[in-house]
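Participant: Before I ask anything, let me first share the structure, which is written out below as structure tokens.
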Ligand code: NAD
Ligand code: MG
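Dropping the structure here:
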């Protein structure tokens with residue numbers, strides 16, 4: 019049966035890769051809704067090509083502009099805007115599959131709505147899960163939703179785990195640990211003293227992957243891997259002590275599962291998000307993703323090293339937040355979003371990202387995250403604290419020239 023998709027965040031990097039795979043298989047996939055924030059021009063082009071029933075943008079002006087452009091081309095896509103409209107397309111009965119590819123906390127409301135509506139969810143938006151952890155997983159379980167990881171590491175782990183036929187069975191008998199690989203980002207080998215002067219463009223020059231700017235900076239600080247440790251904890255129900263991070267600069271092994279009998283299963287492939295996206299879209303089938311076959315003889319060498327927590331304090335902070343549990347994940351994520359935004363706007367330096375996150379985690383008393391309101395309150399409080407720390411840092415380092423948003 020053809021799958022009908024809502025693609026949240028269609029104008030981003032994951033959105034692009036998803037539509038590329040979808041376009042290869044018009045018999046298997048069709049598009050019910052596409053959503054963007056401000057990039058109206060790109061959304062218009064996507065709507066003309068994929069003719070969704072609904073398109074959603076962030077504000078009324080963009081909606082009016084997109085609607086007028088589509089009407090002029092004879093395209094019947096309905097254009098809405100705002101968070102409620104995002105939630106509507108995520109839970110609409112006309113779609114069965116939701117690709118969660120909005121960046122950051124903004125993705126939480128529609129992704130959670132998709133879980134509550136029992137959808138098949140292809141999760142790229144790790145921040146939503148890091149924030150809401152147990153609440154999100156409970157919503158998936160209680161409403162019969164299906165959660166398929168798109169993040170390449172988690173998709174790799176998912177592929178290396180035994181199929182779980184009996185939902186009541188212990189999920190991972192025999193799994194001793196999972197090993198999340200990490201490229202180490204663009205600053206893996208640079209002289210540590212040069213890190214303070216690294217610019218946004220340098221941080222976004224990832225050696226292996228082309229991604230949005232926020233996740234690129236997260237890769238440079240290795241906060242991305244920290245968020246992924248928390249993501250793995252929730253997805254695979256494993257404690258942090260059984261989730262290892264291993265630097266693998268070639269990004270060919272996307273992650274591994276280590277079993278009690280000494281077997282280690284790995285998933286390999288070229289670093290191209292179309293592979294995990296195609297896997298999750300077609301699961302349990304396998305379809306062409308457009309990714310070139312892996313040529314190991316040409317790659318010749320796969321190397322590994324332990325992460326350097328001193329160079330990458332954000333990785334340690336994320337692991338600490340997982341150990342703290344409660345609202346710490348939401349606080350970590352919110353503080354990081356504010357700090358990364360300030361770094362991308364050239365308001366603070368690269369090393370200040372970890373500093374802001376650490377100060378927020380220390381300043382915010384931890385408490386349980388039993389209800390969504392707890393999570394949202396922690397998110398708001400952490401953003402407020404982080405913005406204050408950013409201002410303090412700017413005041414203490416005059417001369418840094420901010421750029422306009
Ligand atoms: P991106 O910046 O390229 O795209 C983000 C998308 O979210 C865009 O469509 C944008 O319009 C939308 N968006 C941004 N702010 C929004 C808001 N406030 N409300 C509604 N929509 C909003 O990001 P990306 O690289 O595609 O990453 C998307 C998500 O996937 C992130 O959570 C990231 O961590 C995760 N992810 C990305 C990759 C990758 O290779 N790019 C890999 C693994 C996981
Ligand atoms: Mg990843």
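Residue numbers (the numbering used here): 19 to 423.
Every residue, glycine too, gets a C-beta built ideally from N, C-alpha and C.
Everything numeric in this text was worked out from a predicted model, so none of it was measured.
Check for me: the alpha helix (DSSP H) holding residue 294 runs from which residue to which?
Facilitator: Reading the chain shown from its first residue, position 276 is the one you call residue 294. Residues 292-300.
Participant: Less than 8 Å between the CB atoms is what I'm expecting for residue 289 and residue 226, so what's the real figure, rounded?
Facilitator: As a first step, residue 289 is located in the chain shown; it is residue number 271 there, counting from the start. As a first step, residue 226 is located in the chain shown; it is residue number 208 there, counting from the start. The pair is a contact, with the Cβ atoms about 4 Å apart (cut-off 8 Å).
Participant: Which whole-angstrom value is the C-beta distance of residue 173 and residue 298, which I expect to be below 8 Å?
Facilitator: For the purposes of this step, residue 173 is taken as the residue at position 155 of the chain shown. For the purposes of this step, residue 298 is taken as the residue at position 280 of the chain shown. Right, their Cβ atoms sit about 6 Å apart.
Participant: Among the candidates 199, 106, 345 and 346, whose CA atom is the shortest distance from the CA of residue 324?
Facilitator: Here the question's residue 324 lines up with position 306 in the chain shown. Nearest C-alpha to residue 324: 199.
Participant: Please check the pair residue 141 and residue 168, which I expect to be a contact at CB under 8 Å, by giving their CB distance rounded to whole angstroms.
Facilitator: For the purposes of this step, residue 141 is identified with residue 123 of the chain shown, where counting begins at 1. For the purposes of this step, residue 168 is identified with residue 150 of the chain shown, where counting begins at 1. Contact holds; Cβ gap of about 6 Å.
Participant: Residue ranges of each beta strand (DSSP E) run of no fewer than 3 residues wholly in the region 235-279, ordered along the chain?
Facilitator: Here the runs fully enclosed are 261-265 and 271-277.
Participant: When we look at the beta-carbon of residue 196 and count the other beta-carbons within 10 Å, is it buried (16 or more) or exposed?
Facilitator: Position 178 of the chain shown holds residue 196. So residue 196 ends up on the buried side.
Participant: Distance check for residue 154 and residue 187, CA to CA, integer angstroms please.
Facilitator: Walking along the chain shown from the start, residue 187 turns up at place 169. Walking along the chain shown from the start, residue 154 turns up at place 136. Interpretation of residue 187 is limited by its pLDDT of 47, a score under 50 that renders its predicted location unreliable; no figure is taken from the coordinates.
Participant: Please check the pair residue 277 and residue 193, which I expect to be a contact at CB under 8 Å, by giving their CB distance rounded to whole angstroms.
Facilitator: Counting from 1 along the chain shown, the entry for residue 277 is found at position 259. Counting from 1 along the chain shown, the entry for residue 193 is found at position 175. Yes, they are in contact, since the Cβ atoms of residue 277 and residue 193 sit about 6 Å apart, within 8 Å.
Participant: Leaving out the 5 sequence neighbours to the left and right, which residues in its chain are closer than 6 Å to residue 240 when beta-carbon positions are compared?
Facilitator: Locating residue 240 in the chain shown gives position 222, counting from the first residue. Cβ neighbours of residue 240 beyond the five flanking positions: 330, 332 and 333.
Participant: Kindly provide the ranges of any alpha helix (DSSP H) runs that are 4 or more residues long and lie completely inside the region 133-188, ordered along the chain.
Facilitator: 144-160 and 170-178
Participant: Between the beta-carbon of residue 335 and the beta-carbon of residue 244, is there less than 8 Å?
Facilitator: In the chain shown, counting from the first residue as 1, residue 335 sits at position 317. In the chain shown, counting from the first residue as 1, residue 244 sits at position 226. Yes. Within cutoff.
Participant: Classify residue 292 as buried or exposed, calling it buried when 16 or more other Cβ atoms lie within 10 Å of its own Cβ.
Facilitator: Within the chain shown, residue 292 is the residue found at index 274, counting from 1. Counting Cβ neighbours within 10 Å, residue 292 comes out buried, since at least 16 surround it.
Participant: Excluding five sequence neighbours on each side, which residues of the same chain lie with their C-beta closer than 8 Å to the C-beta of residue 362?
Facilitator: One-based indexing of the chain shown puts residue 362 at position 344. Correct list, in chain order: 218, 231, 232 and 235.
Participant: Give me, in chain order, the residues of the same chain whose beta-carbon lies closer than 6 Å to that of residue 238; leave out the 5 immediate sequence neighbours on both sides.
Facilitator: Translated into positions along the chain shown, residue 238 becomes position 220. Hits under 6 Å: 203, 204, 205 and 221.
Participant: To which residues of the same chain is residue 178 closer than 7 Å at the C-beta, ignoring the five residues directly before and after it?
Facilitator: Taking the first residue of the chain shown as position 1, residue 178 is located at position 160. The residues are 274, 275, 283, 284 and 285.
Participant: Check the DSSP bridge columns for residue 232 and list the partner residues they point to.
Facilitator: Stepping through the chain shown from its first residue, residue 232 is reached at position 214. Beta-bridge pairing links residue 232 to no other residue.
Participant: Keeping to the same chain, check which residues put their C-beta closer than 8 Å to that of residue 375; ignore five residues upstream and five downstream.
Facilitator: As a first step, residue 375 is located in the chain shown; it is residue number 357 there, counting from the start. Hits under 8 Å: 241, 332, 335, 350, 353, 354, 357 and 404.
Participant: Strictly closer than 6 Å from CB to any heavy atom of ligand 2: give me those residues in the order they appear in the chain.
Facilitator: 169, 170, 171 and 246
Participant: If we require 4 or more residues per run, which alpha helix (DSSP H) segments fall completely within the region 339-412?
Facilitator: 346-362 and 370-381
Participant: From residue 247 to residue 213, what distance separates their C-alpha atoms?
Facilitator: As a first step, residue 247 must be located in the chain shown, where it is residue number 229. As a first step, residue 213 must be located in the chain shown, where it is residue number 195. Going by the C-alpha atoms only, they are around 24 Å apart.
Participant: Straight-line CA distance for residue 79 to residue 90?
Facilitator: The residue you call residue 79 lines up with position 61 of the chain shown. The residue you call residue 90 lines up with position 72 of the chain shown. Residue 79 and residue 90: Cα-Cα distance of roughly 17 Å.
Participant: Between 121, 100 and 132, which lies nearest to residue 114 when the distance is taken from Cα to Cα?
Facilitator: Here the question's residue 114 lines up with position 96 in the chain shown. Closest option to residue 114, Cα to Cα, is 132.
Participant: Strictly by DSSP, which residues pair up with residue 53?
Facilitator: The residue labelled residue 53 in the question sits at position 35 within the chain shown. DSSP output for residue 53 lists 74 as bridge partner(s).
Participant: In the DSSP assignment, what are the bridge partners of residue 98?
Facilitator: Position 80 of the chain shown holds residue 98. Residue 98 pairs with 74.
Participant: Quick one: what does DSSP say residue 46 is sitting in, helix, strand or coil?
Facilitator: Translated into the one-based positions of the chain shown, residue 46 becomes position 28. Coil at residue 46, not helix or strand.
Participant: In three-state DSSP terms, what is residue 35?
Facilitator: Counting from 1 along the chain shown, the entry for residue 35 is found at position 17. Residue state, collapsed to three classes: helix.
Participant: From this set, 301, 111 and 372, which residue's C-alpha is nearest residue 22's C-alpha?
Facilitator: What you label residue 22 is simply residue 4 of the chain shown in a count that begins at 1. Measuring from the Cα of residue 22, the nearest candidate turns out to be 111.
Participant: Report, in whole angstroms, the separation of the C-beta atoms of residue 37 and residue 64, which I expect to be a contact under 8 Å.
Facilitator: Looking up residue 37 in the chain shown gives position 19. Looking up residue 64 in the chain shown gives position 46. Between residue 64 and residue 37 the Cβ distance is about 7 Å, and since that is below 8 Å, they are a contact.
Participant: Below 7 Å, is the gap between the Cβ of residue 27 and the nearest heavy atom of ligand 1?
Facilitator: For the purposes of this step, residue 27 is identified with residue 9 of the chain shown, where counting begins at 1. The answer is yes for residue 27.
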